[in-house]
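> Per the numbering used here, the sequence shown runs over residues 1 to 372.
Heads up, the beta-carbon is just placed ideally off N, CA and C, and yes, glycines get one too.
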Amino acid sequence: MKVDWLIIGAGFTGAVIAERIATQLDKKVLIVDRRNHIGGNAYDYYNKQGVLVHKYGPHIFHTNSQMVWEYLSQFTEWRPYFHRVLAMVDGIKVPIPINLNSLYKLFPPKYAGRLEDVLINSYGYGTKVPILKLLKSTDGEMQFLANYIYEKVFYNYTLKQWEFRPEDLDESVTGRVPVYISRDDRYFQDRYQGIPKHGYAALFKRMLFHPNIKILLNTDYQEIEDAVSFNKMIFTGPIDEYFNYLYGPLPYRSLRFKSVNLGVEWHQEVGTVNYPNEYDYTRITEQKHLTGQQYSGTTLIIEYPQAYKPGKNDPYYPIPRSENQERYLLYAEEARKLKNTVLFAGRLADYKYYNMDQAVARAIHVFKGIAS
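1) Let me make sure I understand the geometry here. Which of I149, A202, D240, I92 has the alpha-carbon closest to that of D350?
2) Would you say the beta carbon of M142 is closer than 7 Å to some non-hydrogen atom of the ligand SAM?
3) Helix, strand or coil for D350, going by three-state DSSP, please let me know.
4) Return yes when the Cβ of G263 is within less than 8 Å of the Cβ of H289, no when it is not.
5) When you compare only the Cα positions, how much space is there between R35 and N64?
6) Within 8 Å of any Cβ in chain D, is that where the Cβ of Y351 sits?
7) Which runs of the alpha helix (DSSP H) fall wholly inside the segment 305-348 and span at least 4 residues, in chain order?
8) Please report how far the alpha carbon of E116 lies from the alpha carbon of L103, in whole angstroms.
9) Quick one: what's got a C-beta closer than 8 Å to L159's C-beta in the same chain, skipping five residues either side?
10) From the DSSP secondary-structure annotation, give me the bridge partner or partners of R84.
11) Does the segment 232-239 come within contact of the segment 8-19, defined as at least 3 CB pairs closer than 8 Å?
12) Using 10 angstroms around the beta-carbon of G124, count the other beta-carbons present and answer buried if the total reaches 16, otherwise exposed.
13) DSSP on P109, reduced to helix/strand/coil?
14) Within its chain, find whatever has a CB closer than 6 Å to the CB of P109; leave out the 5 residues flanking it on each side and keep chain order.
15) Along the beta strand (DSSP E) that carries N274, what are the first and last residues, could you check?
16) So, are the CB atoms of Y317 and Y252 less than 8 Å apart?
17) Please report the distance separating the alpha-carbon of Y43 from that of V32.
18) Could you check the C-alpha separation between R183 and I96 for me, to the nearest Å?
19) Which same chain residues end up closer than 7 Å to G292 when comparing Cβ atoms and leaving out the 5 residues on each side of it in sequence?
20) Assuming contact is defined by CB atoms lying nearer than 8 Å, are L30 and K214 in contact in what I supplied?
21) If you run the structure through DSSP and keep just helix, strand and coil, what is E286?
22) Given a cut-off of 8 Å on the beta-carbon distance, is the pair V51 and F230 in contact?
23) Apart from the five residues on each side of it in sequence, which residues of its chain come closer than 7 Å, Cβ to Cβ, to D139?
24) Any idea what DSSP makes of V51, helix, strand or coil?
25) Can Y200 and H62 be called in contact, C-beta distance under 8 Å?
26) I7: buried (16+ other C-beta within 10 angstroms of its C-beta) or exposed?
27) On the criterion of 16 or more Cβ atoms from any shown chain inside 10 Å, does I92 qualify as buried, or is it exposed?
28) Just to check my reading of the structure: Q325 and L255 have Cβ atoms closer than 8 Å, yes? What is that Cβ distance to the nearest angstrom?
29) DSSP three-state call for S102: helix, strand or coil?
30) Where do the ends of the alpha helix (DSSP H) carrying R20 lie?
31) Helix, strand or coil, according to DSSP, for G40 in the structure here?
32) State buried or exposed for Y279, treating a residue as buried only when at least 16 other CB atoms are found within 10 Å of its CB.
33) Please tell me whether Y157 and P320 are closer than 8 Å, where the distance is taken between their beta carbons.
34) Measuring only the C-alpha atoms, how far is V342 from F243?
35) Using only CA atoms, which one of V273, T298, I284 lies nearest to E265?
36) Three-state secondary structure (DSSP) at Q161?
If you want it as structure tokens, here you go:
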């Protein structure tokens with residue numbers, strides 16, 4: 001087989017670059033993926049009960065980028081959806097990120113009002129304050145609140161998810177779920193939010209339906225690399241794997257997902273409920289909240305964090321610590337030596353956490369570099 005571009009990985013990064021190269025440059029592309037489906041971690045499918053399930057955990061699309069939103073809207077209609085998350089804290093389900101409404105769930109009204117006043121006076125209404133910043137407050141009541149939130153919401157959840165304490169990770173981790181000085185219970189506040197009306201798998205099928213694009217699944221690219229003639233490669237897998245672990249493996253965290261079908265209409269009040277302090281799992285997502293389907297039963301996805309073991313499970317999250325970044329930079333230097341014959345992009349190749357919109361924006365940026 002002869003193609004212009006060999007793209008490794010059929011997730012957002014690989015698929016967007018493939019679509020752009022095929023449609024804008026009229027070049028031939030072969031996409032290769034180890035999994036038996038396109039869509040990467042955003043892949044969804046209909047289970048035997050007819051519920052559309054996000055196989056790898058909840059994927060709620062949200063972005064402030066009009067460019068990214070309009071690009072993806074070529075391939076899907078959207079179901080408007082604002083994700084809401086509750087966390088079990090001291091036996092009470094409270095809104096996450098912690099906000100002003102959360103205070104009144106956790107504390108007596110008068111004390112919650114005092115804490116609300118101190119938060120607003122200290123940081124301003126509508127502000128998002130990372131927990132590690134809140135912990136540095138010298139105000140007595142702020143210190144109490146910061147320690148309470150840290151211990152009840154962040155500490156054990158972070159240990160389960162990462163096997164590190166919050167302060168042992170890059171501040172971007174806890175910064176993703178700040179204390180929000182607002183009455184807004186939505187998990188995200190982006191301008192554009194929604195779920196693809198017919199699912200992510202359908203979105204990817206439309207994106208990749210082009211005569212210049214061929215797809216090979218259930219295949220490790222190394223099995224076919226010598227049998228395919230190509231000019232350049234896009235690699236979206238783990239960068240350390242590409243270089244055969246030259247500087248040692250980069251650490252990742254993995255996940256195990258358990259699907260449960262129940263004969264009740266609803267199991268929980270919102271899309272996702274977090275369990276920071278109880279059980280081995282971190283959260284339960286009820287799919288019907290996300291899809292808006294009408295069905296007498298319901299499907300839950302339960303997430304269990306676990307260590308990443310190459311060849312045995314999938315890498316999901318790069319572990320953001322300074323020593324890991326230093327090792328990644330060694331691999332990035334090896335990538336530069338290839339002088340753009342192989343381009344690396346995506347969460348695993350860049351060793352960086354991306355939301356879906358960030359992965360799309362990164363892919364479009366890479367394509368613009370190719371086109372120019």
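With the given structure in hand:
1) D240
2) This structure simply doesn't include the ligand SAM, nor any ligand for that matter.
3) coil
4) no
5) 31 Å
6) Here there is only one protein chain, and chain D is not present.
7) 322-337
8) 8 Å
9) R165
10) R186
11) yes
12) exposed
13) helix
14) none
15) 272-274
16) yes
17) 16 Å
18) 11 Å
19) R79
20) yes
21) strand
22) no
23) V118, S122
24) coil
25) no
26) buried
27) exposed
28) Not confirmed; about 22 Å, so no contact.
29) helix
30) 12-24
31) helix
32) exposed
33) no
34) 12 Å
35) T298
36) helix
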